[in-house]
Each structure stands twice: as C-alpha cells, then as structure tokens.
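Residue numbers are given in numbering that gives the first Met the number 0: position 390 of the sequence shown equals residue 389, and the series is strictly consecutive.
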Amino acid sequence: MSIPVITVGPAQEAVVGGLERLHGPVTVVRRCSELAELMAACQSGLALAAVVAEGCEELTATLVDRLGAVGVSIVALTGDPAEAARLTAIGVATASADIEPAALASRISETVGRYGGIVGSRKFPDAGFADFSSGFQVASEGPEPEAAAVGSGRVIAVWGPTGAPGRTLVAVNMAAELAAEGKSVILVDADSYGASVSAMLGLLEESAGLAQACRLADQGLLDADALGRAATTVFTKGGLFRVLTGTTRADRWTELRASALSLVLERAKQAADVVVVDTGFCLEADEELSFDTMAPRRNGATLRSLELADEVIAVGAADAIGVPRLVRGLADLEAAVPQATPRVVLNKVKRASAGRSPRRQLSEAWERFGPGHGVDAYLPADVDACDAALLSGSVLLESAPDSPLRLAIAGLVCAPIQQKRKSLGRSTRALGLLKR
Ligand SMILES: Nc1ncnc2c1ncn2[C@@H]1O[C@H](COP(=O)(O)OP(=O)(O)OP(=O)(O)O)[C@@H](O)[C@H]1O
Ligand SMILES: [Mg+2]
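Structure, rendered in structure tokens:
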C-alpha cells in the first residue's frame with residue numbers, strides 16, 4: 000500500500016514533484032502552505048506521514064504529539080545540524096534539505112514503519128491515558144538516538160488518593176533521605192492541582208521550575224544545562240538535592256503537558272540517580288469526559304509520571320476515610336496504569352483512629368478488604384515533627400532526625416520493608432475501617 004503523505008512548505012515543489020514522479024511507496028495527498036493547515040489536514044485522517052519542508056522551526060513536542068495522536072509520523076527537512084538535533088529531541092525524523100526523492104520516500108516508509116500506526120507502536124499498549132501518542136518516539140537518521148540518550152536514573156512516583164494523605168511529605172523526605180545516602184536526586188512537583196513542594200521546603204515560589212523545563216522540552220531545547228537552570232538546589236545536613244518546583248496557580252496546569260513532561264523526566268533520569276515525582280491525586284482520563292481528544296489533559300502529568308515510573312508509592316491516610324479511599328484508588332490506578340505495581344504506604348498511623356495496636360489492626364483489616372497486595376510500610380502520625388518541619392521549611396532529617404516518622408520514611412527508601420501477608424483467617428475485629 001502506498002503511504003499517504005501531506006507536505007508543507009511553499010518551497011516544496013522539488014520535493015513534492017520528485018515524490019509524485021516516483022509513483023511508488025508514497026502518495027502526496029495534500030500540499031499545505033503552513034503548519035496550521037497541515038494540522039487540520041492530518042486530523043481529518045488523510046495521511047500517515049507529513050513532510051515538513053519549510054517551517055520546521057515551528058514544530059514543538061506538543062505539535063508532534065498531536066500528530067502522533069492521529070497516527071501521523073513527521074519527516075522534517077533541514078540542512079542545519081543544530082535544528083536537526085532539536086527536532087530529534089522532540090520526536091521528529093529528519094532528513095537533509097537536498098535529499099533525493101527516492102531516499103526521502105524510503106525515509107518516510109521507514110519512519111512510518113517504525114513508529115507510525117500509533118496503535119501498534121505504543122510503549123504502553125493498554126494504558127496511554129496520559130495522551131494518545133504515548134508511544135511516539137524519537138526517530139532520526141542514523142543510529143537510534145534514544146539508545147544513547149536513555150537515562151539510567153530510576154523514577155519513583157509518589158501517588159495517593161484525594162484527602163491529603165501525605166504524598167508531598169513522603170516525596171520530599173524520600174528525596175532528602177536518598178540524597179543523604181549519597182544519591183543524586185531530582186524531586187519533581189508534578190501535582191497539577193496543589194503543588195506544595197516549594198512551600199514545604201520554604202522555597203520562593205516566583206517561578207515554576209517544572210513549567211520552565213516543560214516549555215524548553217516542548218521546543219526541544221532542554222539540555223542538561225537548561226535543566227540545571229530550571230531546578231532549585233536544596234541543601235540539607237545530609238546532602239543536597241535538586242527540585243523542579245510546581246505550578247502553584249492551578250490554572251497553569253496546561254503548562255505540564257504529558258509529552259513535554261516525558262522529555263523532562265527522561266532528561267532528569269540522565270542527570271540523576273533517582274527522580275522522585277510528587278503527583279496529583281486524580282487519575283481520571285479526560286477523554287472519557289470530552290470528545291476533544293486533542294485537548295490537553297488535566298491529569299496528563301500525573302498519569303504520565305505513573306506510566307514512566309519504575310516504582311510507584313501509593314500513600315493513604317490510615318483512618319476510616321483514608322483507607323477505603325486508597326483501596327478504591329488502587330483499583331483506579333490499576334485500570335489507568337496497568338503496568339504499575341505500587342508499594343502501599345499507610346501514613347498518619349495513630350491509636351486514636353485505628354485502636355490499640357494500630358499497625359496490627361490495620362494490617363488485618365487490609366488483608367481482609369484490601370486489594371491483592373499487602374501494605375509495605377506504616378508511617379506513624381507525628382504532628383509535632385511535621386509542624387516543626389513545615390515551620391522551618393526543612394526536611395525531617397534536619398528538624399526531627401530521631402522521630403519515628405523520619406526513620407520510617409528512611410526505611411522506606413533505603414531498605415524496603417517487606418510485609419508478609421498474614422493468613423486471611425485472622426480476626427478483623429473491631430476495626431471497621433474498611434467498609435466498602
Ligand atoms: N505522618 C504524619 N503525621 C502528621 N501529619 C502529617 C503526616 N504526614 C503528613 N502530615 C501532614 O498532613 C498535611 C498534608 O500532607 P501533604 O501535604 O504531604 O499531603 P498531600 O497528600 O501531598 O496533600 P495534597 O492533596 O494537598 O497534595 C500536612 O500538613 C502534613 O504536615
Ligand atoms: Mg501534595
């Protein structure tokens with residue numbers, strides 16, 4: 000089958016004419032004079048590939064993502080090596096401006112074959128909640144660039160349901176403990192509803208480092224130096240870590256597009272041993288609410304972080320409201336990101352809400368009502384330690400180094416607590432926490 004192609008650029012005559020004369024593997028179905036026209040034509044499902052012969056400097060990761068969402072791969076023609084590198088960084092295949100028509104046709108076929116027909120190429124075939132083009136990957140001439148570029152750092156996403164169960168507290172202190180262990184750490188505040196990492200660490204909120212990094216990533220300009228400039232360094236007694244602060248104004252969530260965030264996380268993985276991401280609570284995929292599949296997704300940043308995470312920490316409040324919420328939330332998480340195997344953390348454990356021997360009570364109740372996996376860690380309620388840390392804008396290892404809460408979070412990071420599930424036959428007496 001001949002590949003339908005749309006071209007863009009007023010000075011494309013030679014290219015288009017050459018492709019048409021081939022009568023071969025590609026068919027030019029539409030010639031556009033500008034990118035906006037190309038976008039509209041691609042959305043109507045006309046083509047599998049777009050050749051951008053002019054105006055490729057206007058291509059951003061968001062545009063590439065949108066075209067990927069409708070199954071269109073892009074080949075951009077440029078003679079400028081720096082521009083070619085930028086395009087490669089945002090997922091565009093490139094070819095030199097004076098490429099022969101036959102070579103261009105095979106470049107198109109190769110690009111479509113490798114990445115096109117987005118359904119078959121998805122990295123997360125059953126997920127893709129963050130957006131439709133989650134599988135669209137970088138393509139360029141020569142060797143696979145992503146093979147060299149993929150970072151070796153681990154991504155840990157800290158998630159939890161609504162109700163402030165302690166996601167940010169856990170994420171911030173995990174980052175601090177990892178840094179104290181000698182790891183290089185980047186903490187990313189990707190909570191598009193209520194970013195609070197900067198408040199918890201007493202940082203100025205004048206610029207959202209993550210939004211800045213996403214903007215540069217969208218333009219293909221996020222190199223290691225730019226990432227360093229967008230991040231704020233936090234110094235603690237244990238060691239330093241870097242923070243990409245979040246957007247504290249809720250209406251700025253559109254700046255955290257999933258496509259750009261993927262590039263930021265990839266760049267962060269290259270720059271750090273561990274990337275800790277504080278996510279939002281909501282996992283709803285907006286496309287279920289709207290027919291406009293091109294619209295940015297409110298929860299795209301959270302969903303994408305969870306999709307890309309090597310490890311997901313699911314935090315719930317250990318009380319009669321928090322635990323059932325977490326149980327339901329874990330089911331939603333499994334539906335939204337099937338590849339995630341979360342470690343469950345119950346936070347704010349206290350006698351007043353779980354009775355005597357709260358940990359045992361919680362564990363027994365969880366075994367009876369909770370989903371397949373057990374609880375990995377119990378973090379005690381410690382209002383004094385948390386308040387002191389908040390007041391001084393510091394982490395627990397500084398403000399309450401000997402507190403059981405700090406030690407429990409350190410244990411979570413440095414030596415994972417393995418909770419063996421106990422037999423279901425045990426009594427679940429008196430708890431009443433997990434009524435569904
Ligand atoms: N183990 C704990 N003991 C006592 N207080 C805690 C504990 N963990 C968290 N808190 C407090 O609970 C409040 C909410 O914590 P945090 O901001 O980490 O929650 P969150 O899940 O990130 O909430 P949000 O939905 O606002 O993002 C904070 O005041 C924090 O100090
Ligand atoms: Mg938070």
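For each residue, glycine too, the CB sits at the ideal point set by N, CA and C. For clarity, every value in this text was computed on a predicted model and none was experimentally measured.
Taking one beta carbon from each stretch, the stretch 183 to 200 and the stretch 243 to 251 have 3 or more pairs nearer than 8 Å; the two touch. Nearest to R30 by C-alpha distance, out of G8, S43 and G44, is G8. In the assembly as shown, T340 is an exposed residue. Its beta-carbon has fewer than 16 other beta-carbons within 10 Å.
A straight line joining the alpha-carbon of C55 with that of L62 spans about 11 Å. In this structure, ligand 2 has a non-hydrogen atom nearer than 7 Å to the beta-carbon of T167.
With a threshold of 7 Å, the Cβ atom of G193 counts as near ligand 2, since some heavy atom of the ligand is closer than that. Distance between S105 and C413, taken at the CA atoms: about 50 Å. Annotation for D277: no alpha helix (DSSP H) segment contains it, though the beta strand (DSSP E) segment containing it runs V273 to T278. Nearest in C-alpha terms to E310, of all of L21, I98 and M173, is M173. The distance from the Cβ of K236 to that of S151 is about 27 Å, inconsistent with a contact at the 8 Å cut-off. Of the other Cβ atoms in all chains shown, 16 or more fall within 10 Å of the Cβ of V263; this residue is therefore buried. Separation of T26 and L18 (C-alpha to C-alpha, rounded to the nearest whole angstrom) is 7 Å. Between the alpha carbons of L220 and D383 lies a distance of about 44 Å. Distance between G410 and I312, taken at the CA atoms: about 13 Å. Cβ contact annotation for V273 (same chain, cutoff 7 Å, sequence separation greater than five): G152, R153, I155, L177, K182 and V184, in chain order. Inclusion of T93 and A75 in the CB contact set at 8 Å is warranted, their separation being smaller than that value. If you ignore the 5 residues before and after P403, its C-beta comes within less than 6 Å of the C-beta of P379, all in its own chain and listed in chain order. The stretch 299 to 346 contains, as complete alpha helix (DSSP H) runs of 4+ residues, the segments 299 to 307 and 321 to 335 (chain order). Here I2 is bridged, per DSSP, to V25. The beta carbon of I5 sits closer than 7 Å to the beta carbons of V28, R29, C31, L37, A40, C41, L45, A46 and A49 from its chain, once the five residues preceding and following it are set aside; these are given in chain order. Approximately 7 Å separates the beta-carbon atoms of V275 and V157; this is inside 8 Å, confirming the contact. Within the same chain, Cβ atoms closer than 6 Å to the Cβ of S391 are found at S398, the five residues on either side in sequence being excluded. Contact between the stretch 302 to 309 and the stretch 211 to 219 is absent, with fewer than three C-beta pairs closer than 8 Å. When C-alpha distances from V14 are compared across L202, L395, D97 and G78, the shortest belongs to D97. For A75, the three-state secondary structure derived from DSSP is strand. In this structure, A189 lies near L209, with their beta-carbon atoms less than 8 Å apart.
Rounded to whole angstroms, R405 and L361 show a C-alpha spacing of 20 Å.
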